[in-house]
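**Q**
Protein chains: 2
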Amino acid sequence: MAVTIKDIAEIAQVSHTTVSRALRNHPAIAKETAARIQKIADELGYVPNTVARGLKTRSSRVLGVIVRRIDDPFFGEVVDGIEEALQAEGYSLFLAASHRDPEREKGIIRAMSEHRVDGVIICSTQIGVEQVAQLQKFGVPAVLVNNQARETLTSSVFHDDEHGSYEMTRYLIGLGHTRIGYLGNANAGKTNEDRLRGYQRALAEAGLPVEEAFIKAGPNGLAEGGALAMQDCLQLAQRPSALLCYNDMMAIGAIQTLQTAGFRVPEDCSIAGFDNISLSAYVTPPLTTFHQPKKEIGREAAQMMLRRLQAQEKNAAPEIKLLRGKLIARASTARVSNSN
Amino acid sequence: MAVTIKDIAEIAQVSHTTVSRALRNHPAIAKETAARIQKIADELGYVPNTVARGLKTRSSRVLGVIVRRIDDPFFGEVVDGIEEALQAEGYSLFLAASHRDPEREKGIIRAMSEHRVDGVIICSTQIGVEQVAQLQKFGVPAVLVNNQARETLTSSVFHDDEHGSYEMTRYLIGLGHTRIGYLGNANAGKTNEDRLRGYQRALAEAGLPVEEAFIKAGPNGLAEGGALAMQDCLQLAQRPSALLCYNDMMAIGAIQTLQTAGFRVPEDCSIAGFDNISLSAYVTPPLTTFHQPKKEIGREAAQMMLRRLQAQEKNAAPEIKLLRGKLIARASTARVSNSN
DNA sequence: TTGTACGCGTTATCAA
DNA sequence: TTGATAACGCGTACAA
Numbered sequence: 014m015a016v017t018i019k020d021i022a023e024i025a026q027v028s029h030t031t032v033s034r035a036l037r038n039h040p041a042i043a044k045e046t047a048a049r050i051q052k053i054a055d056e057l058g059y060v061p062n063t064v065a066r067g068l069k070t071r072s073s074r075v076l077g078v079i080v081r082r083i084d085d086p087f088f089g090e091v092v093d094g095i096e097e098a099l100q101a102e103g104y105s106l107f108l109a110a111s112h113r114d115p116e117r118e119k120g121i122i123r124a125m126s127e128h129r130v131d132g133v134i135i136c137s138t139q140i141g142v143e144q145v146a147q148l149q150k151f152g153v154p155a156v157l158v159n160n161q162a163r164e165t166l167t168s169s170v171f172h173d174d175e176h177g178s179y180e181m182t183r184y185l186i187g188l189g190h191t192r193i194g195y196l197g198n199a200n201a202g203k204t205n206e207d208r209l210r211g212y213q214r215a216l217a218e219a220g221l222p223v224e225e226a227f228i229k230a231g232p233n234g235l236a237e238g239g240a241l242a243m244q245d246c247l248q249l250a251q252r253p254s255a256l257l258c259y260n261d262m263m264a265i266g267a268i269q270t271l272q273t274a275g276f277r278v279p280e281d282c283s284i285a286g287f288d289n290i291s292l293s294a295y296v297t298p299p300l301t302t303f304h305q306p307k308k309e310i311g312r313e314a315a316q317m318m319l320r321r322l323q324a325q326e327k328n329a330a331p332e333i334k335l336l337r338g339k340l341i342a343r344a345s346t347a348r349v350s351n352s353n
Numbered sequence: 014m015a016v017t018i019k020d021i022a023e024i025a026q027v028s029h030t031t032v033s034r035a036l037r038n039h040p041a042i043a044k045e046t047a048a049r050i051q052k053i054a055d056e057l058g059y060v061p062n063t064v065a066r067g068l069k070t071r072s073s074r075v076l077g078v079i080v081r082r083i084d085d086p087f088f089g090e091v092v093d094g095i096e097e098a099l100q101a102e103g104y105s106l107f108l109a110a111s112h113r114d115p116e117r118e119k120g121i122i123r124a125m126s127e128h129r130v131d132g133v134i135i136c137s138t139q140i141g142v143e144q145v146a147q148l149q150k151f152g153v154p155a156v157l158v159n160n161q162a163r164e165t166l167t168s169s170v171f172h173d174d175e176h177g178s179y180e181m182t183r184y185l186i187g188l189g190h191t192r193i194g195y196l197g198n199a200n201a202g203k204t205n206e207d208r209l210r211g212y213q214r215a216l217a218e219a220g221l222p223v224e225e226a227f228i229k230a231g232p233n234g235l236a237e238g239g240a241l242a243m244q245d246c247l248q249l250a251q252r253p254s255a256l257l258c259y260n261d262m263m264a265i266g267a268i269q270t271l272q273t274a275g276f277r278v279p280e281d282c283s284i285a286g287f288d289n290i291s292l293s294a295y296v297t298p299p300l301t302t303f304h305q306p307k308k309e310i311g312r313e314a315a316q317m318m319l320r321r322l323q324a325q326e327k328n329a330a331p332e333i334k335l336l337r338g339k340l341i342a343r344a345s346t347a348r349v350s351n352s353n
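Top to bottom, those sequences are chains X and L.
Its first residue numbered 14, the first sequence is counted upward by one per residue in our numbering.
Its first residue numbered 14, the second sequence is counted upward by one per residue in our numbering.
#1: From what residue to what residue does the beta strand (DSSP E) around cysteine 136(L) run?
#2: Taking Cβ positions only, does methionine 125(X) come closer than 9 Å to chain L?
#3: Using beta carbons (cut-off 9 Å, strictly below), is tyrosine 259(L) in contact with chain X?
#4: Contact defined as beta carbons within less than 8 Å: I believe valine 64(X) pairs with cysteine 136(X). What is the distance between those atoms, to the nearest angstrom?
#5: For alanine 354(X), which of Arg208(X), Leu322(X), Leu68(X) has the nearest alpha-carbon?
#6: Hey, quick one: how far does the alpha helix (DSSP H) through isoleucine 21(L) stretch, first residue to last?
#7: Applying the 10 Å Cβ sphere with the 16-neighbour rule, what's the burial state of leucine 185(L)?
#8: What residue does the alpha helix (DSSP H) around serine 33(L) start on, and which one ends it?
#9: DSSP beta-bridge partners for leucine 108(X)?
#10: Should serine 73(X) be flagged as near chain L, meaning a C-beta pair shorter than 9 Å?
#11: What does phenylalanine 107(L) touch in chain X if you count any residue whose Cβ is under 9 Å from its own?
#12: Name the residue from Phe227(X), Ala162(X), Gly194(X), His176(X) whose alpha carbon lies nearest to the alpha carbon of lysine 203(X).
#13: Suppose you measure from the CA of glutamate 164(X) to the CA of alanine 314(X); what does that come to, to the nearest Å?
#14: Applying the criterion that 16 or more other CB atoms from any shown protein chain within 10 Å of the CB defines a buried residue, is asparagine 38(L) buried or exposed?
#15: Alpha helix (DSSP H) containing histidine 39(X): first to last residue?
#16: Strictly under 9 Å for the Cβ-Cβ distance: is glutamate 218(X) near chain L by that measure?
#17: Answer yes or no: do isoleucine 333(L) and phenylalanine 171(L) have a C-beta to C-beta separation smaller than 9 Å?
#18: Please list the terminal residues of the continuous alpha helix (DSSP H) segment that includes leucine 209(L).
#19: For arginine 312(X), count neighbouring C-beta atoms within 10 Å of its own C-beta (all shown protein chains included) and say buried if the count is 16 or more, exposed if not.
#20: Under 9 Å Cβ-Cβ, which residues of chain L neighbour valine 170(X)?
#21: Excluding sequence positions up to five away, which residues of its chain have a Cβ less than 7 Å from the Cβ of serine 28(L)?
#22: What residue range is occupied by the uninterrupted alpha helix (DSSP H) comprising alanine 47(X)?
#23: Tell me, please, whether the CB atom of alanine 236(X) is closer than 9 Å to any CB atom in chain L?
#24: With C-beta atoms as the reference, is glycine 67(X) less than 9 Å away from valine 16(X)?
#25: Below 8 Å CB to CB, which residues in the same chain sit around isoleucine 42(L) once its five sequence neighbours on both sides are set aside?
#26: Starting from leucine 68(X), trace the alpha helix (DSSP H) both ways and give me its first and last residue.
#27: Give me the Cα-Cα distance between arginine 277(L) and glutamine 269(L), rounded to the nearest whole angstrom.
#28: What number of angstroms, rounded off, separates the C-alpha of serine 293(L) from the C-alpha of isoleucine 265(X)?
#29: Would you check if there are 3 or more beta carbon pairs closer than 8 Å linking the region 49–58 of chain X to the region 117–132 of chain L?
#30: Under 8 Å Cβ to Cβ from leucine 221(L), same chain only, skipping five residues before and after it: list those, please.
#31: Have a look at the DSSP bridge pairing and note the partners of valine 170(L).
#32: Isoleucine 228(X) bridges to which residues according to DSSP?
#33: Going by C-alpha to C-alpha distance, which of Glu309(X), His112(X), Gly103(X) sits closest to glycine 94(X)?
#34: Taking Cβ positions only, does aspartate 310(X) come closer than 9 Å to chain L?
#35: Using a Cβ-Cβ cutoff of 7 Å, what residues of the region 275–307 of chain L are near chain X? List them in chain order.
#36: Just to confirm the assignment, what range does the alpha helix (DSSP H) spanning leucine 249(L) have?
Structure follows, in structure tokens:
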């Protein structure tokens with residue numbers, strides 16, 4: 014049976030109230046009393062019961078984090094950043110995977126509410142809106158990361174996707190490409206739109222036409238989705254000489270499809286990814302991509318949540334933070350060749 | 014303020030005891046009373062407080078999971094399996110990353126003890142032994158996954174690494190290779206030893222000599238470690254025609270080094286990885302590797318823990334489970350060629 | 001079938 | 001500077 018402050022109180026011949034105070038450095042406790050109690054606590058191997066404390070203080074010092082999958086190459090790093098920031102502040106982390114299943118999401122929100130988490134960080138869900146409402150009804154603050162919904166009614170952290178694809182498109186233009194395509198993800202919402210917009214803006218600014226035929230979309234953001242979109246692309250009579258992909262996995266799928274069809278990357282077609290997942294440096298050819306500062310995004314989300322918890326005013330205006338990444342040039346893109 | 018069973022009791026004109034029972038389908042409650050109370054609870058949006066419940070029942074229905082890094086390609090999948098099994102049983106999951114820092118590990122163990130988790134699953138640490146002792150002192154059961162320590166004093170789940178590398182080596186022998194090397198990881202303990210042993214056993218059984226010169230080791234299990242070990246290998250006058258690597262990341266590093274040095278994989282040298290991390294299918298050439306059933310390992314660890322929690326006898330003998338994976342043949346290995 | 005009274009381990013209020 | 005007492009929300013032995 015675990016040691017409690019009452020056990021310590023008995024040995025120290027004081028009240029358990031005094032023990033409670035001594036262990037938390039309450040100012041109104043004599044130094045020597047505190048030291049004596051502290052010593053006894055150490056000897057007994059006392060470990061405070063945060064469950065009981067939470068019941069009284071109405072704060073658990075636990076934050077919930079919801080992701081789609083735990084082994085997601087993107088959000089894995091984000092969660093790493095979250096965890097780092099929370100651990101530094103003495104918070105613990107409940108992690109749960111929704112697997113894009115609304116029922117499961119509900120169950121998770123429910124479980125987290127029952128455990129009285131102090132807040133929830135939701136990483137990229139479509140249906141975040143509804144869940145956030147559920148949480149708000151219960152007074153649990155939420156912070157969203159790269160949320161797909163169009164409206165933004167809660168504190169959120171986003172990567173500046175439009176800026177990213179704008180920069181990437183300019184880079185490809187700088188390499189002499191004029192026929193540049195975009196391989197999107199039909200299953201993503203806001204993110205895909207933002208990336209498409211940045212691409213279009215860069216083309217327009219450079220005086221290049223936005224060819225509708227060069228804008229394709231795969232059914233998902235996996236290698237498979239990239240492969241399908243690429244197959245679509247190969248049907249074109251006049252093909253683009255460079256392609257900007259929704260993300261790295263799609264770029265990898267696109268490259269495989271190209272190579273299988275007998276094309277060389279980047280000689281016959283330049284391919285650019287997005288996100289800079291760690292895998293992207295190890296494929297052949299290594300992927301040119303746009304680095305999202307994933308750990309930083311996670312840290313920022315965690316800190317935003319902690320700030321919210323500090324602020325007493327419950328209904329502060331939602332805070333929105335936009336972070337920018339940087340372009341990483343590798344070998345999957347090259348200057349346009351004559352044959353192109 | 015959250016709704017409590019007392020609020021419900023007042024409205025339903027019963028005692029909070031009755032509410033408590035009604036909400037948990039206690040047999041000794043009249044059906045209609047239960048239904049009435051349930052309805053009120055729903056209308057009020059009652060969410061039980063598991064913190065208070067845990068204080069009374071001395072069980073939190075929360076399990077702790079410790080990994081080195083959250084975005085680890087291997088343990089990410091293991092945790093996915095753990096989470097799936099726990100979610101199904103209504104358990105929640107505390108996740109923390111140790112980053113191989115003993116101080117941090119201590120802090121994590123401490124935090125988990127304070128939160129009164131029902132058990133802890135530790136994924137691959139060197140110093141697990143000490144932490145397990147700390148937990149046991151506190152009566153918190155632990156389950157280890159692919160633990161690196163040699164002694165096994167707690168319930169553990171392992172992948173049968175010796176079997177894996179034995180199978181892989183036999184596969185290479187079957188392709189006609191006779192000069193087969195092993196690129197190990199000097200930083201791993203038991204796992205590296207087991208894989209080395211399987212390799213040696215397969216060679217011995219086939220009547221092939223175990224050349225000490227063909228056994229190299231990198232300083233870590235990353236691409237960098239594989240690259241360094243490979244550089245070492247390239248110095249040899251007589252080189253192996255096939256290499257078994259400690260894991261996939263080292264194999265990738267080895268391949269890059271070979272390719273940079275002007276060798277072709279698999280024509281000039283076959284390379285085999287281990288683990289089958291998702292990345293391994295996307296590199297060029299796609300990696301022949303040994304698949305560890307990562308999700309299954311996670312599920313098994315979770316279920317083992319749940320069984321332990323069910324069993325009332327605290328000091329049951331530690332349970333040990335060995336899971337086997339399967340060989341995945343891809344394009345990084347080939348039949349030995351004449352020039353070799 | 002339902003209710004009373006108490007305890008889980010901690011913090012907070014008030015009084016000494 | 002310290003202590004007695006109540007409270008947090010829930011579960012349960014015992015009584016009715």
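Glycine is no exception: its CB is placed at the ideal position from the N, C-alpha and C atoms.
**A** According to the data block:
#1: 132–136
#2: yes
#3: no
#4: At roughly 27 Å, the Cβ-Cβ gap does not stay under 8 Å, so valine 64(X) and cysteine 136(X) are not in contact.
#5: An answer regarding residue 354(X) cannot be provided, because it is not within the stretch 14 to 353 covered by chain X.
#6: 18–25
#7: buried
#8: 29–36
#9: Val78(X)
#10: yes
#11: Val75, Ser105, Leu106, Phe107, Leu108
#12: Ala162(X)
#13: 18 Å
#14: exposed
#15: That residue, histidine 39(X), is in no alpha helix (DSSP H); it is neither H nor E in DSSP.
#16: no
#17: yes
#18: 203–218
#19: buried
#20: Ordered by position in chain L, no residue passes the 9 Å Cβ test against valine 170(X), which lies about 17 Å from the chain.
#21: Ala22
#22: 44–57
#23: yes
#24: no
#25: Thr31, Arg34, Ala35
#26: 63–70
#27: 10 Å
#28: 13 Å
#29: no
#30: Ile186, Thr191, Ile193
#31: Val158(L), Lys334(L)
#32: Tyr195(X)
#33: Glu309(X)
#34: The residue you asked about is not aspartate; residue 310(X) is isoleucine in the sequence shown. It does not; no Cβ of chain L falls within 9 Å.
#35: Leu292, Tyr295, Val296, Thr297
#36: First-last for leucine 249(L): undefined, no H or E at that position.
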